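Participant: The following block contains the structure, expressed as structure tokens.
There are 2 protein chains.
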Amino acid sequence: MLSIAAPTPAVVRVPHTARHVDRAVPQTAGAHIAEALKLLQDTLPIQRRLVHAGDTIYQAGERFGCLHVVHSGIFKIITYSADGREQVAGFHFKGDWMGFDGIANGRYGCDAVAMDTAEVWSFRYDTLLQACVEHPELLALVHAAMSREITRDRDSLLSLCTLSADARVADFLRYWAESLAARGLRTDQITLRLTRAEIGNYLGMKLETVSRAMSRLAREKVIRFAERGRRELQIPDIDALREFVQRSLGAPAASRTLQ
Amino acid sequence: MLSIAAPTPAVVRVPHTARHVDRAVPQTAGAHIAEALKLLQDTLPIQRRLVHAGDTIYQAGERFGCLHVVHSGIFKIITYSADGREQVAGFHFKGDWMGFDGIANGRYGCDAVAMDTAEVWSFRYDTLLQACVEHPELLALVHAAMSREITRDRDSLLSLCTLSADARVADFLRYWAESLAARGLRTDQITLRLTRAEIGNYLGMKLETVSRAMSRLAREKVIRFAERGRRELQIPDIDALREFVQRSLGAPAASRTLQ
DNA sequence: CGATGTGTTGACCGGGTTCAAACAATGTGG
DNA sequence: CCACATTGTTTGAACCCGGTCAACACATCG
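Right, dumping it as structure tokens:
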């Protein structure tokens with residue numbers, strides 16, 4: 001993995017359970033992303049950058065000028081309140097854009113931090129805009145990326161506001177696995193490069209609660225811990241996660257719906 | 001103004017400690033917005049629409065084709081999970097755009113509902129893109145709006161994950177008042193066109209908790225209920241709300257920070 | 001080896017939910 | 001005009017999920 005030169009593994013990884021074929025990832029998982037990256041490569045002067053776990057692509061308050069696209073690896077986004085509270089606000093996988101928040105007021109509003117060795121493609125925003133004049137597909141790409149980010153943020157909110165702690169963790173793992181699957185990466189054996197504290201921060205709960213939730217998920221065989229360490233885990237069936245969320249919606253502190 | 005290189009001054013994000021004089025809204029509150037609306041008017045064929053409280057501008061699942069800009073009134077955005085949970089995901093005031101979430105996959109992902117009599121300007125997305133070729137300022141406008149929406153969503157997340165129920169309500173009222181102030185509307189006497197249940201849904205708590213929180217805020221004289229009804233209230237000093245949030249950060253179930 | 005960072009688990013506590021009752025505002029029809 | 005229903009708000013009391021505090025189990029690394 002992490003072979004930076006060789007882009008898509010060209011893998012045609014068919015989803016695990018044949019059941020959910022329709023909702024599943026297309027056979028050509030990651031094809032769109034590969035295309036998008038190619039388009040960028042062909043129309044823009046790109047600055048490629050290799051980074052390691054913990055490296056920062058940009059920081060909150062820094063002058064905005066560039067947008068960034070993940071070529072490999074995973075990044076986390078961290079925002080801060082005026083009084084210094086910090087918040088893991090999201091994750092960006094291959095093909096995702098970073099830095100949109102800087103457009104409005106000329107400064108980035110958050111940190112973007114690599115979670116493992118990764119490659120990021122950067123280019124000036126104004127250069128991008130110029131290129132968009134000649135390549136409308138490029139503009140479509142940008143808008144789709146922003147649109148998806150908005151939608152994703154709302155899904156986050158929904159999960160946060162309507163799910164119990166256990167369900168939230170399950171839903172997070174589902175999201176994570178699906179993000180990987182959509183890019184043609186394996187999901188049956190994943191390594192979270194996050195501490196429990198970070199997961200908890202993102203999900204609005206304490207690390208102990210995350211730990212307990214994951215233990216419970218493992219007990220119910222919705223996930224399984226790999227041999228070595230509790231950081232890497234297996235997700236035999238993504239639908240099992242979905243069902244767990246659904247199940248925990250019925251019984252408990254349930255419906256925070258209107259009426 | 002609105003040039004790509006020199007973005008908006010942005011009212012927000014000034015050091016916390018500063019007394020609210022300098023963070024206050026410019027005398028020309030709403031000037032940017034007025035300019036933006038004018039630009040739209042001058043460069044696009046716009047369909048103006050008058051709507052009443054409860055009217056829907058677009059619905060989740062509906063085919064995407066138009067973007068919308070609030071000209072007057074306030075709109076709420078409601079998203080749904082696959083299993084039908086509904087979630088108030090945000091509010092849009094004068095000058096705010098709506099419908100970005102539809103760009104990525106060709107269908108709106110949420111409902112946009114008027115909260116009172118309002119006017120909304122709508123236009124086709126493809127028409128907008130064409131106009132952007134000749135009027136780059138227009139494109140800058142669009143991007144700034146999307147950028148702000150992303151930033152705002154993250155602020156929401158931050159508030160949700162790190163604040164107690166009381167502080168969350170206070171922070172919500174601060175946000176609401178500032179949104180009005182930034183558009184030159186009065187903030188000392190505002191009418192929430194939301195039920196407690198809706199506020200609670202947005203903030204991830206039950207209506208009873210919202211009610212109790214507001215009672216407490218009134219008891220501490222951070223807000224005051226107007227004579228008639230508990231729906232309209234006065235906010236004598238926005239900074240008092242900020243201070244309340246700060247205060248409740250110290251004592252209680254406080255820091256959900258990392259480490 | 002100890003040191004440090006991370007994860008797990010238990011016991012206790014408290015903030016927020018749940019359930020319930022009463023009240024306020026508004027509207028409807030006789 | 002009042003009786004009455006409806007919808008929204010407030011407040012109390014009991015309960016419980018998730019936070020807090022603490023002890024321990026493992027890693028990895030010097």
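Listed in order, the protein sequences are those of chains A and B.
The numbering of the first sequence is this note's numbering, which starts it at 1 and goes up by one.
The numbering of the second sequence is this note's numbering, which starts it at 1 and goes up by one.
Note that CB positions come from ideal geometry on N, CA and C, so glycine has one too.
Bear in mind the structure is a predicted one, so any value in this text is a computation, not a measurement.
Less than 8 Å separating the beta-carbons of Ala53(B) and Met98(B)?
Facilitator: No; because the gap between Cβ atoms is not below 8 Å, this pair is not in contact.
Participant: How would you label Arg174(B), buried or exposed, when you count the other beta carbons within 10 angstroms and need 16 or more for buried?
Facilitator: Flag for Arg174(B) reads buried.
Participant: Are there 16 or more other CB atoms within 10 angstroms of the CB of Gly109(B), so buried, or fewer, so exposed?
Facilitator: Classification of Gly109(B): buried, given that the 10 Å Cβ count is 16 or more.
Participant: What is the rounded straight-line gap between the Cα of Ala82(B) and the Cα of Ser147(A)?
Facilitator: The alpha-carbon atoms of Ala82(B) and Ser147(A) are separated by roughly 19 Å.
Participant: What three-state label does DSSP hand Ala182(B) in the structure shown?
Facilitator: It is coil, neither helix nor strand.
Participant: Quick one: complete beta strand (DSSP E) runs, 3+ long, within the region 210-252 of chain A?
Facilitator: Runs found: 232-234.
Participant: If the cut-off is 9 Å on Cβ atoms, which residues from the region 79-102 of chain A count as contacting chain B, listed in chain order?
Facilitator: Cβ contacts with chain B: Thr79, Tyr80, Ser81, Ala82, Asp83, Gly84, Arg85, Glu86, Gln87, Val88, Ala89, Gly90, Phe100, Asp101, Gly102.
Participant: Return the Cβ separation of Arg154(B) and Ala89(A) in integer angstroms, given the expectation that the two are a contact with Cβ distance under 8 Å.
Facilitator: Confirmed, Cβ separation roughly 5 Å.
Participant: Chain B beta carbons: is any one of them nearer than 8 Å to that of Ala131(A)?
Facilitator: Taking Cβ atoms only, chain B never reaches closer than 8 Å to Ala131(A), which makes this a no.
Participant: Among residues of its own chain, excluding the 5 on either side of Phe75(A), which ones have a beta-carbon nearer than 6 Å to its beta-carbon?
Facilitator: Taken in chain order, the residues that qualify are His92, Ala112, Ala114.
Participant: Can you have a look at Ala140(B) and say buried or exposed, based on whether 16 or more other CB atoms are within 10 angstroms of its CB?
Facilitator: Buried is the call here.
Participant: Beta carbons nearer than 9 Å to chain A: which residues of the region 132-146 of chain B have them?
Facilitator: Here the close residues are Cys132, Val133, Pro136, Leu139, Ala140, Val142, His143, Ala144, Ala145, Met146.
Participant: What residues from chain B crowd round Arg154(A), counting only those whose CB sits closer than 9 Å?
Facilitator: The answer, in chain order, is Ile77, Thr79, Gln87, Ala89, Gly90, Asp101, Gly109, Cys110, Asp153.
Participant: Which residues does DSSP pair with His68(B) in a beta bridge?
Facilitator: For His68(B), which the question treats as bridged, DSSP gives the partners Met98(B), Ser122(B).
Participant: Just to make sure I have the definition right: I need the residues of chain B whose C-beta is within less than 9 Å of the C-beta of Arg63(A). Which are they?
Facilitator: Correct list: empty, because the minimum Cβ distance to chain B is about 11 Å.
Participant: Run through DSSP, which three-state label would Leu87(B) get?
Facilitator: With the sequence shown as reference, residue 87(B) is identified as Gln, and Leu is not the correct amino acid for it. Strand, per DSSP.
Participant: Can you list the residues of chain A that Gly204(B) reaches, using a CB-CB cut of under 9 Å?
Facilitator: Simply Leu157, Leu160, Cys161, Thr162, Gly204, Arg256.
Participant: In whole angstroms, give me the CA-to-CA distance for Leu44(B) and Val133(B).
Facilitator: Rounded to whole angstroms, Leu44(B) to Val133(B) spans 12 Å at the Cα level.
Participant: In its own chain, which residues sit with a C-beta less than 7 Å from the C-beta of Asp166(A), not counting the 5 before and 5 after it?
Facilitator: Within the same chain, Asp166(A) has close Cβ partners Ala213, Arg216, Ser248.
Participant: Where does Ala112(A) sit, in a helix, a strand or coil, going by DSSP?
Facilitator: Three-state DSSP puts Ala112(A) in a strand.
Participant: Residues in the same chain with beta-carbon distance under 6 Å from Val69(B), minus the five sequence neighbours each way, listed in chain order, please.
Facilitator: So the qualifying residues of the chain are Trp97, Trp121.
Participant: Among Arg124(B), Phe225(B), Lys94(B), Leu158(B), which one has its Cα closest to the Cα of Arg63(B)?
Facilitator: The candidate whose alpha carbon is nearest that of Arg63(B) is Arg124(B).
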